[in-house]
Structures are given as C-alpha cells and as structure tokens.
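**Student:** For the sequence shown, the working numbering gives the first residue as 167, with consecutive numbering after it.
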Amino acid sequence: MVGRADIIAVLSTLVTSDDFLLMLNLPPVREIQNMPHFAALRHRDYRRMWAANMFSGGAMWTFIVASAWLVLERSDSSGWVGIIAFSGMIPFLIVSPVAGLMADRLDRRKLAIATFASSGVVTTLAAALTIAGILELWHLAALAFANGVFRAT
C-alpha cells in the first residue's frame, strides 16, 4: 500500500526535477535558486512604477474606505454605501474594454502617469469638498465613478 509520505516524495521529486520544469518552460532548479529575489528593483523605471503603484493602491483603498465611512456617517444608510461602492466599481465593466484598446495603442508609461494623476485630482477634490463642508452624497457618487474610471484604466 502506498502511503502519504510516498506520494509526497514522488511529487516533490517531480516538481523539483529539471525535466518537469523544462516541460513547463521554466528554468532549471539551480538557475532558480541562484536568482536574486529582488533583481527587478535594480531597474530605476521598475522601482518608480512599483512605488507609484504602492502609493496609488494605498490612496485608492483609503478613498474607498473613507468614502464608505463618510457616507454611512452622513446618511446612516447602508443603501447609500452600496450606491457609492457600485458607482466606483461599475466603470470596470464599462471602461476596461476601451482602456485595453488604449493601452495597446498609447504609450503605457504616459497612460499610467495620466491615470495616477487624474485619480489624485479626484481624491483631492473629494477631500477639498469634505473640508469645505459642501460635499453631498451625489458628489461622492460622481467622484467615486470618476475615480473608478481612472482605476479601470
């Protein structure tokens, strides 16, 4: 009878064998083991893109959580929270196909810079309206939609 340990031994041998990795179009084990873990960070453009993505992702989730919290605090309605969340997510269905075409035809670096900057403007506008005390729920729905458009791109 074949035990669990026998199966694990066979699978681990298979997965770490060079033949299996070559079949998957991967480099041999000895090459993988010698690869530095953060080699991509040696490239200046990659570091900049990584930092921009980290900052943008943090800003995006801060906007999503803060807007949901603000809506719940102002309206005391989970329905409005859902409307704001839906406003921010529906652009992914609408804009993504067009954004894919744009990404194929335009300079991706310039497109990324434009979308990051535009998303930053929308978030700054939301903050300014909130600080001024004139932010309405429909403003936030429109800003969430605009931010969703830039995130989908």
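Beta carbons are placed, not taken as given, at the ideal position from N, Cα and C, and that holds for glycine.
Is it true that the stretch 292-299 meets the stretch 244-260, where meeting means three or more beta-carbon pairs spaced less than 8 Å apart?
**Tutor:** As far as the Cβ criterion goes, the stretch 292-299 does not touch the stretch 244-260, which means the pair count is below three.
**Student:** How many whole angstroms separate the CB atoms of A265 and T319, which I take to be in contact at a CB cut-off of 8 Å?
**Tutor:** Indeed they touch by this definition, with Cβ atoms about 4 Å apart.
**Student:** Would S284 and S222 be called neighbours here (beta carbons separated by less than 8 Å)?
**Tutor:** In this structure, S222 does not lie closer than 8 Å to S284 by Cβ.
**Student:** Can you tell me the Cα-Cα spacing of R275 and R213, whole angstroms?
**Tutor:** Between R275 and R213, the C-alpha separation is close to 13 Å.
**Student:** Does the stretch 229-249 come close enough to the stretch 300-308 to have 3 or more Cβ pairs within less than 8 Å?
**Tutor:** Segments in contact, yes.
**Student:** Is A225 closer than 8 Å to T281 when the C-beta atoms are compared?
**Tutor:** Not closer than 8 Å, so no.
**Student:** Under the assumption that A312 contacts F229 (Cβ atoms under 8 Å), give the Cβ distance between them as a whole number of angstroms.
**Tutor:** About 11 Å separates the two Cβ atoms, so there is no contact after all.
**Student:** Between V315 and V261, which are expected to be in contact by the criterion C-beta below 8 Å, what is the C-beta distance as a whole number of angstroms?
**Tutor:** That pair is a contact at about 5 Å.
**Student:** Between I250 and A205, is the Cβ-Cβ spacing less than 8 Å?
**Tutor:** No, these two residues do not count as a Cβ contact at 8 Å.
**Student:** Considering P263, what are the terminal residues of the alpha helix (DSSP H) in which it resides?
**Tutor:** Start and end: 244-271.
**Student:** Quick check: the Cα distance between I279 and P202, rounded to an integer number of angstroms?
**Tutor:** Rounded to the nearest angstrom, the two C-alpha atoms are 29 Å apart.
**Student:** Assuming L259 contacts A269 (C-beta within less than 8 Å), just tell me the rounded distance between them.
**Tutor:** Their Cβ separation, rounded to whole angstroms, is 17 Å, which puts L259 and A269 out of contact at 8 Å.
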